[in-house]
Amino acid sequence: MKFIVDTQLPPRLAHYLTSKGYDSVHTTFYEDGHLLKDKEIIVIAKNEDRTVATKNADFFDNYFIKGSPPKVLLIEFGNINNNDLIQLFEENLEKVMLMFQEGSNLVLFRRDEVIGY
323 MKFIVDTQLP PRLAHYLTSK GYDSVHTTFY EDGHLLKDKE IIVIAKNEDR TVATKNADFF
383 DNYFIKGSPP KVLLIEFGNI NNNDLIQLFE ENLEKVMLMF QEGSNLVLFR RDEVIGY
């Protein structure tokens with residue numbers, strides 16, 4: 323699985339996912355990446371077959387309204403420091419990936435649950 327990690331999440335998350343064997347890039351990898359609009363991120367996700375990892379609920383809405391981007395990992399932790407974010411991924415990455423492997427295209431990742439749609 324390949325990920326594009328949205329701007330409001332730290333580049334460290336992309337590095338973490340890469341260390342776990344997933345092809346992951348942060349939006350800042352792209353030219354003017356910190357300024358990319360949601361539509362541009364969706365185009366990249368489609369063109370590069372990437373799942374959008376984001377805290378931005380607009381991607382959730384866009385998925386249900388337009389079916390785009392093809393896959394979304396919506397992270398709903400609220401404010402969290404980077405160490406705690408990585409720790410939650412460490413504890414739950416298998417659950418998250420299982421949801422995608424079982425056919426979910428939208429996964430909500432919360433502190434206390436992982437839900438696939």
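Under our numbering, the first residue of the sequence shown carries the number 323, and numbering increases by one thereafter. Ideal placement from N, C-alpha and C gives every residue a C-beta, glycine not left out.
If you draw a straight line from the alpha carbon of residue i to that of residue j, how long is it in whole angstroms?
{"i": "residue 386", "j": "residue 433", "result": "23 Å"}
{"i": "residue 330", "j": "residue 378", "result": "8 Å"}
{"i": "residue 353", "j": "residue 389", "result": "26 Å"}
{"i": "residue 335", "j": "residue 406", "result": "11 Å"}
{"i": "residue 382", "j": "residue 430", "result": "9 Å"}
What residues match up with residue i in a beta bridge as DSSP calls it?
{"i": "residue 324", "result": "345"}
{"i": "residue 396", "result": "376, 430"}
{"i": "residue 438", "result": "429"}
What does the Cβ neighbour count give for residue i, buried or exposed, with the cut at 16 atoms within 10 Å?
{"i": "residue 328", "result": "buried"}
Q: Would you check if the stretch 364-376 and the stretch 384-404 touch, i.e. whether three or more CB-CB distances between them fall below 8 Å?
A: They touch, by the three-pair rule.
Q: Determine, using beta-carbon pairs with one atom in the stretch 330-343 and one in the stretch 405-419, whether at least three such pairs fall under 8 Å.
A: Output reads yes: the stretch 405-419 touches the stretch 330-343.
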